[in-house]
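Engineer:
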Amino acid sequence: MASKRMLKCCKGVLSCCSGPLPDMAPIGVRIKVLDRYVVIDNGIIQLTLSNPDGIVTGVQYNGVDNLMEILNKEDNRGYWDIVWNDQDHSGVFDVIKGTNFRIVAQDDDHVEVSFTRMWDPSLQGKLVPLNIDKRFIVVRGSSGFYTYGIYEHLEGWPDFSIGETRVAFKLRKDKFQYMAMADNRQRVMPMPDDRLPGRCQQLAYPEAVLLTNPINPYLRGEVDDKYQYSCDDKDNKVHGWISFDPPIGFWQITPSDEFRTGGPLKQNLTSHVGPTTLAMFMSAHYAGDDLSPKFINGEYWKKVFGPVFMYCNSSCDGSDPTLLWEDAKVQTVIEIESWPYSFPASEDFEKCWQRGSVSGRLLIRDRYVNDTDISASQAYVGLALPGETGSWQRECKGYQFWSQADEFGNFYISNVRTGNYNLYAWVPGFIGDYKLETTITISSGDDINVGPLVYKPPRDGPTLWDIGIPDRSAAEFYIPDPNPNYVNRLYINHPDKFRQYGLWERYAEIYPDSDLIYTIGESDYTRDWFFAHVTRKSDDNSYKAATWQIKFQLDNVRQNAIYKLRVALAAAALSELQVRFNDATLNRPHFTTGLIGRDNAIARHGIHGLYWLYNIDVQSGWLLQGENIIYLTQNRTVSPFQGIMYDYIRMEGPPASA
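At position 430 of the sequence shown (counting the first as 1) the number is 430 in the UniProt record's numbering, and the numbers step up by one without a gap.
1. Exposed or buried, what is Lys237 when buried is set at 16 or more other beta-carbons lying within 10 Å of its beta-carbon?
2. Evaluate Arg361 with the Cβ neighbour count: other Cβ atoms within 10 Å of its Cβ, from every protein chain shown; 16 or more gives buried, anything less gives exposed.
3. May I ask which residues mark the beginning and end of the alpha helix (DSSP H) holding Trp529?
4. Name the DSSP beta bridge partners of Ser514, please?
5. Out of curiosity, what's the CA-to-CA distance linking Val454 and Asp446?
6. Relative to the C-alpha of Ser575, which residue among Arg459, Met645, Ile517 is closest?
7. Opposite Ser283 in the DSSP bridges: which residues?
8. Since I believe Lys397 is in contact with Leu385 (beta carbons under 8 angstroms), could you give me their beta-carbon distance rounded to a whole number of angstroms?
9. How about the stretch 246-254 and the stretch 555-573: do they share at least three Cβ pairs that are nearer than 8 angstroms?
10. Counting only the same chain and skipping the five closest in sequence on each side, list residues whose C-beta sits under 6 angstroms from that of Val557.
11. Report the option in Leu203, Met191, Gly609 whose CA atom is closest to the CA atom of Pro214.
12. Counting C-beta neighbours from all protein chains within 10 Å, is the total for residue 660 16 or more, i.e. buried, or is it exposed?
13. So what does DSSP say about Asp290, is it helix, strand or coil?
14. Under three-state DSSP, which class holds Asp23?
15. Shorter than 7 angstroms, the distance from the beta carbon of Ile467 to the closest heavy atom of the ligand FMN, or not?
16. Extract the residue ranges of the beta strand (DSSP E) inside the stretch 43-125, only unbroken runs of 3 or more that lie entirely within it.
17. Does the distance from the C-beta atom of Lys173 to that of Pro275 stay below 8 angstroms?
18. Tell me, to the nearest whole angstrom, how far the beta carbon of Ala568 is from that of Ile431; I am working on the premise that it is less than 8 angstroms.
19. Looking at Tyr421: is its Cβ nearer than 8 angstroms to the Cβ of Thr547?
20. Can the beta-carbon of His272 be found less than 8 angstroms from the beta-carbon of Tyr229?
21. Just mark Thr332 as buried or exposed, buried being the case when its beta carbon has 16 or more other beta carbons within 10 Å.
22. Note the first and the last residue of the continuous alpha helix (DSSP H) segment covering Gln331.
23. Could you spell out the range, first to last residue, of the beta strand (DSSP E) harbouring Thr212?
24. Once you ignore the five residues that flank Cys352 on each side, which residues in its own chain have a CB closer than 6 angstroms to its CB?
25. Within a Cβ cutoff of 8 angstroms, which residues of the same chain sit near Phe259, ignoring the five residues on either side of it in sequence?
26. Check each candidate in Asn449, Thr463, Pro428, Thr418 and name the one with the smallest Cα separation from Ile442.
27. Arg650: buried (16+ other C-beta within 10 angstroms of its C-beta) or exposed?
28. Just the C-alpha distance for Asp257 and Lys234, rounded to the nearest angstrom, thanks.
29. Would you report the Cα separation of Lys456 and Lys97, rounded to the nearest angstrom?
30. Got a sec, what are the start and stop residues for the beta strand (DSSP E) Met651 sits in?
31. Just to confirm, are Leu265 and His605 a CB contact at a threshold of 8 angstroms?
32. Between the stretch 283-291 and the stretch 160-173, can you find at least three pairs of beta-carbon atoms closer than 8 angstroms?
33. Using 8 angstroms as the threshold, is the C-beta distance between Gly54 and Met68 below it?
34. So the candidates are Tyr563, Asn600, Arg36; which of them puts its Cα closest to the Cα of Gln267?
35. Quick check on the DSSP output: the beta strand (DSSP E) that includes residue 659 runs from which residue to which?
36. First and last residue of the beta strand (DSSP E) that includes Pro247?
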């Protein structure tokens, strides 16, 4: 497939081609074991690992002796790490260093090596209670290397939790200065030195800085923040860095989401100033503690993370970085189509023939939308550990397998590991979550068709009015331009303008004297509904609650009937939404969510975090004939980052049969 590519940019085998790729017989993979290092070489790329630590100390490619940052200490170049907690420790950061090295597989076609660190009770409180096996693989003819990890917590071992685990690569700052993660998300990046005192001004939190004296003067006045380059896992397949001299790319490719946590909408970091490239497996970003797995009462647990692929490519045209990016995208497709890989040696990584598949069709039944069942077009359908409806977005111990249905609601979930699962789904355009109550057991070779399934989204009565689009995002609402003093030029006139810094401050500037009022039938949510319900800063630098109003007309109110207000939230950060009908002075609100959420999406430039749905019974006595006002108050006000993002709001009348 690679030979059919534009020949300016080849599959990492040749730096420049002037015609069709010649038939080549790549040399076999060789390994050299030294006292302090292990060197694996296939004639295209040379990978050097510390022995027995298993840290990537060097990557030699295309005439460059080392793509890793040679100014860093060797254990700060390419490494696995974990953040963990137990009853006596919180937020312990641990670069995982092996204590034992062995060659797992070795022939001309590939070499796989293992670096293990085993736990025993003498290490309690010193190291995370896990047996960890880090694997690295180099295959013949490939301009990259693979890595995967096997974590195991034995029965009876101490309780603990994981805040984050990942693989990180620190590249040479004198080479890699252009980052790419999407067709419309790539740019020349600041240097790491630009984030040092004298060259920047720290903003509201340490990750965000204003570049005041950057090495590249073109970047002066821009904001840099690694969270501006976060990405939903469903879209996070390839990202990385480009060197212009020589023209080389270093890419992190994730061919499957099965080992990530939180489902397709979980957001994670990608690449950022360093130059740093991350393969995130677990994190609490855009979710909070709900996505930190907790292991209690001596629970047994084992999981394989990866393999992920670190891909290097080169071009004879250093003036056009898109050539390397386009090639990296093609290689990503190759890796995805090759999943699950056949070459990992561990029996814990199930191969294709050991897995199964699930297919079916999902329909929507909402008689207030259509008299007949309709196709769940573009539904997200997935398998995750058994749990409650919607639990997949907080599930963080097992594997998840997701597929997007076609326009007719047909879905096919392939290459599912053996085990027990529930089938979950959500459908863009409809609120709520679907769950098939029957547990699905996958055995090797299974091809299970669950037949037509019917999702009945929450609905009691006809829609009186609604605001927004039920898609688990606040992107359709009004997103202001940033303060011109705090701009990332990448996101000017960009569909992801919500990634600009400081948008939470714009609310009080747009509504200086009174809070947002939205009138049904007159207002337009794309212009008149601010994307985040945030706090308002006072003159004394304290924060106060903002109360939004929804005004709507009722020609008549059906007495002794129950109306329904459905409020879907796309994000919540240490917030409490209070709802009052027609009386803003009520001491006790008609409804409150209580304190919810730790996703921090407002500060982290996300347009969503975790999804929340509230179905509120509305007594007819709360309503008036004529004009009605719903008061929405977010009353937790310690920080500018406390607030919520709405996904969708709908007011329903009583059931037609009432």
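Just so it is clear, CB atoms sit at the ideal spot from N, CA and C, and this is done for glycine as well.
Computed from a predicted structure; not experimentally measured.
Structural biologist: Looking at the atomic coordinates:
1. Its Cβ being crowded by 16 or more others within 10 Å, Lys237 is buried.
2. So Arg361 counts as buried.
3. No alpha helix (DSSP H) contains Trp529, which DSSP labels as neither H nor E.
4. Looking at the DSSP assignment, Ser514 forms no beta bridge with any residue, so it has no partner.
5. Inter-residue distance for Val454 and Asp446 is about 23 angstroms (C-alpha atoms, whole angstroms).
6. Nearest option by C-alpha distance: Met645.
7. Answer is Glu164, bridged to Ser283.
8. The pair is a contact, with the Cβ atoms about 7 angstroms apart (cut-off 8 angstroms).
9. Put simply, the stretch 246-254 does not touch the stretch 555-573. Fewer than three CB pairs are less than 8 angstroms apart.
10. Excluding its 5 nearest sequence neighbours in each direction, Val557 has C-beta neighbours in its own chain below 6 angstroms: Ser620, Leu623, Gln625, listed in chain order.
11. With respect to the C-alpha of Pro214, the residue from Leu203, Met191, Gly609 having the closest C-alpha is Met191.
12. Residue 660 lies beyond the residue range present for the chain, which begins at 1 and ends at 658; the question has no answer from this structure.
13. Residue state, collapsed to three classes: helix.
14. Note that Asp23 scores a pLDDT of 44, beneath 50, so its modelled location is shaky; the value from the coordinates is reported in the next line. The answer is coil: DSSP assigns Asp23 none of H, G, I, E or B.
15. Of the ligands one can find in the structure shown there are none, so the ligand FMN has no counterpart to examine.
16. Whole beta strand (DSSP E) segments, 3+ residues: 45-50, 56-61, 78-86, 89-95, 100-106, 110-117.
17. In contact: Lys173 and Pro275 (Cβ atoms closer than 8 angstroms).
18. Rounded, the Cβ-Cβ distance is 5 angstroms, consistent with contact.
19. Their beta carbons are not under 8 angstroms apart, which means Tyr421 does not touch Thr547 by this criterion.
20. With contacts defined as CB atoms closer than 8 angstroms, His272 and Tyr229 qualify as a contacting pair.
21. Buried.
22. Unbroken alpha helix (DSSP H) run through Gln331: 322-337.
23. First-last for Thr212: undefined, no H or E at that position.
24. So the qualifying residues of the chain are Pro340.
25. So the qualifying residues of the chain are Phe281, Lys303, Val304, Phe305, Gly306, Tyr399.
26. Among Asn449, Thr463, Pro428, Thr418, the Cα nearest to that of Ile442 belongs to Thr418.
27. When all chains shown are included, Arg650 counts as buried.
28. The straight-line gap from Cα to Cα measures roughly 7 angstroms.
29. In this structure, the CA atom of Lys456 is about 50 angstroms from the CA atom of Lys97.
30. Unbroken beta strand (DSSP E) run through Met651: 643-652.
31. Result no, Cβ atoms of Leu265 and His605 do not sit closer than 8 angstroms.
32. Taking a cut-off of 8 angstroms on C-beta distances, the stretch 160-173 touches the stretch 283-291, as three or more cross pairs fall below it.
33. No, they are not a contact pair.
34. From the listed residues Tyr563, Asn600, Arg36, the smallest Cα separation to Gln267 is found for Asn600.
35. Outside the shown range of the chain (1 to 658) lies residue 659, about which nothing can therefore be said.
36. Per DSSP, the continuous beta strand (DSSP E) segment holding Pro247 begins and ends at 247-253.
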